[in-house]
Amino acid sequence: MMPSESGTEGRDRAAAQVGTAAAAAVAKAAPAGGGPDPEASSASLGQHLSGLSWPQVKRLDALLSEPIPIHGRGNFPTLSVQPREIVQVVRSSLEEHGLRVHGVRLHGSAASHVLHPESGLGYKDLDLVFRVDLRSEASFQLTKEVVLACLLDFLPAGVSRAKITPLTLKEAYVQKLVKVCTDADRWSLISLSNKSGKNVELKFVDSVRRQFEFSVDSFQILLDSLLLFGQCSPTPMSEAFHPSVTGESLYGDFAEALDHLRHRVIATRSPEEIRGGGLLKYCHLLVRGFRPRPSTDVGALQRYMCSRFFIDFPDLAEQRRTLERYLEAHFSGADAARRYACLVTLHRVVNESTVTKD
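In our numbering, the protein residues as written are 2 to 359.
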């Protein structure tokens, strides 16, 4: 049954009022002159948090608005997906099915790129983190079902949906599925395929012990205010009127971690806690021109990393698969020189850290 005209008008009027109020609220703290002052924001929010500047907010908005192709296998068509659209569709569907989303964040190299694009690292995957409660197997299953169902919405017009099943969509568009369910870690990951390696990765997190390796990849950006602004505000963003967006460093001190990113400094905490020890990322950073800070005991750091790597990957075949996957994910075919340099660096670090010399 269609709603009555008066009911529709009433809801539209209420939505407009809410939208205006929400847009004003999220923009209120962003005065003309480049948005919140990072130092003032850090002081009021806590050292691990900071408000983004206006240029950073613009980069974030552009990144979330840029269509990314999701390539289908076989005869399945390529989907064109804006990150902000898939976040909104997935979030809305999860909540319609009773699974509350506590917040959505941009994580990892894409977040680092938004904060400081001149680091030389660039970004490959677009990591989107949904904070949800995964207390049952049904919750894990729901996240997968919702993502696969949402892919139907992005199929081009004219494509028949009648015989397309969730299993068909998984085979066509999903690069990998991961589920972790232990006492300390409860999360799942759905990675959508992109031939250039720029995968859209949707991660549903209840709890996780550690989400970063080094300070420069420890950033997360809270997306809720920017997404709400885009949905509610009839006024385009400007330097004088834009939402307040918060960033967080899981490493600890946000300003310190951002300084590491700007000056290409390698720093971490407890490398023995990182799966694989952070060894491959460490060699990658060295090749990109990053260097340990002067106070670092490089020998001890490398020994910790090598020790954890060989504990986690004791089998030679597994070591090879892990290395090949990392190189494929982080070095494109046109980046053969850096790929080779990374292998040479890895050989040197392992040789220095695991061979006892007389």
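All C-beta atoms in this analysis are idealised placements derived from N, C-alpha and C, irrespective of residue type, glycine included.
A contact is defined here as three or more CB-CB pairs under 8 angstroms, and the region 263 to 275 fails this definition with respect to the region 334 to 346.
Annotated as proximal: histidine 108 and valine 130, with beta-carbon spacing under 8 angstroms. For a cut-off of 8 angstroms, the C-beta gap from leucine 170 to leucine 149 is around 5 angstroms, short enough to register as a contact.
Cβ atoms of valine 82 and isoleucine 69 come within 8 angstroms of each other, at about 6 angstroms. With a cut-off of 8 angstroms on Cβ pairs, the region 90 to 106 is not in contact with the region 159 to 173, counting fewer than three such pairs. For aspartate 225, the enclosing alpha helix (DSSP H) stretches over residues 225 to 233. Residue environment: isoleucine 312 is assigned as exposed (fewer than 16 neighbouring CB atoms within 10 Å of its CB, all protein chains considered). With a 10 Å radius around the Cβ and a threshold of 16 neighbouring Cβ atoms, alanine 112 comes out buried. Remark: C-beta atoms of proline 244 and phenylalanine 255 do not approach each other more closely than 8 angstroms. If you draw a 10 Å sphere on the C-beta of arginine 106, you find 16 or more other C-beta atoms in it, and that means buried.
Collapsing the DSSP output to three states places serine 250 in a strand. Bridge partners of aspartate 128 according to DSSP: His108, Glu202. Here glutamine 320 carries a helix assignment [DSSP, helix/strand/coil]. Counting other Cβ atoms within 10 Å of its Cβ, glutamate 138 stays below 16 and is therefore classed as exposed. Less than 8 angstroms separates the beta-carbon of arginine 309 from that of glycine 278. Ser192 is the residue among Ser161, Ser192, Val266, Lys282 whose C-alpha sits nearest the C-alpha of glutamate 172.
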